[in-house]
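Reminder that position 14 of the sequence shown reads as 14 in this note's numbering, one-by-one numbering, no gaps.
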Amino acid sequence: MLRRIASFVAKAPAVADRLPSAPSTVEVVIVLSDDGAVAALNEQFRGMAKPTNVLSFPAAQSGPTDLGTDAVSLGDIVLALETVLREAADLGIPPADHLSHLVVHGLLHLLGYDHIEERQAEEMEALETRILAGLDIPDPYAGSEPVTAMAQ
């Protein structure tokens with residue numbers, strides 16, 4: 001599932017220019033954790049002492065980190081599995097769909113997308129929706145609050 005998600009993200013036209021040029025391997029570490037550990041990370045790095053569904057840690061502020069001749073690290077994505085499952089139940093959607101959405105969301109953060117300003121949020125959410133449609137996952141924003149509001 002994760003390889004399929006990564007493939008769809010990499011093929012999105014808006015993403016292609018943000019990927020490192022021609023590496024044979026792009027590495028992303030994905031950690032499934034619990035609410036307590038994610039709350040501690042969220043407090044340490046964002047000053048918010050509560051769990052959130054996904055945190056992204058880019059490998060380098062200036063761009064991907066070269067791991068050698070053919071490998072590049074984009075960074076780490078940490079997901080609070082308890083929060084993800086609870087949100088999926090609250091939204092009435094399959095947990096795999098919500099998890100996939102949050103992995104896409106995290107990958108886009110690693111590639112430099114953000115949702116601090118409304119224009120940025122609209123761009124990022126539209127891109128997420130297009131990528132997820134390619135994975136046969138319904139629009140996560142249709143009829144619900146966007147992740148930008150849920151994660152606060």
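By construction, the Cβ of each residue, glycine as well, lies at the ideal position given by its N, Cα and C atoms.
Option in the options with minimal Cα separation from residue i
i    : options               : result
L79  : A59, G92, S100        : S100
G75  : L107, A88, D97, L102  : L107
S56  : G47, M48, L41         : L41
G92  : D136, A142, V15       : A142
T129 : D139, Q120, F45, L135 : D139
T52  : R4, A12, L102         : L102
E82  : L127, A59, V31, D136  : V31
L127 : R46, Q44, H105        : H105
H109 : R3, R4, V9            : V9
D35  : M124, K50, E117       : K50
T25  : V15, G112, S7         : S7
E27  : E125, M124, R3        : R3
A60  : G47, L111, E122, E123 : L111
Terminal residues of the beta strand (DSSP E) in which residue i lies
i   : result
T25 : 25 to 33
DSSP beta-bridge partners of residue i
i   : result
L55 : V78
6 Å Cβ shell around residue i - same chain, five flanking residues per side excluded
i    : result
P95  : L85, A88
V29  : D76
Q152 : In this prediction, Q152 has a pLDDT of 40, which is less than 50 and means its spatial position is unreliable; what the coordinates show is noted afterwards. There are no such residues.
D114 : Q120
E123 : none
Spatial neighbours of residue i in its chain, beta-carbon cut-off 8 Å, leaving aside the 5 residues before and after
i    : result
I137 : D97, S100, H101
M1   : A96, S100
Proximal residues to residue i (C-beta, below 7 Å), its chain only, five neighbours per side dropped
i   : result
A12 : L127, R130, I131
I5  : S100, V103, V104, L135
E43 : A49
- Message: If we require 4 or more residues per run, which alpha helix (DSSP H) segments fall completely within the segment 98 to 150?
- Response: You should have 118 to 134, 147 to 150.
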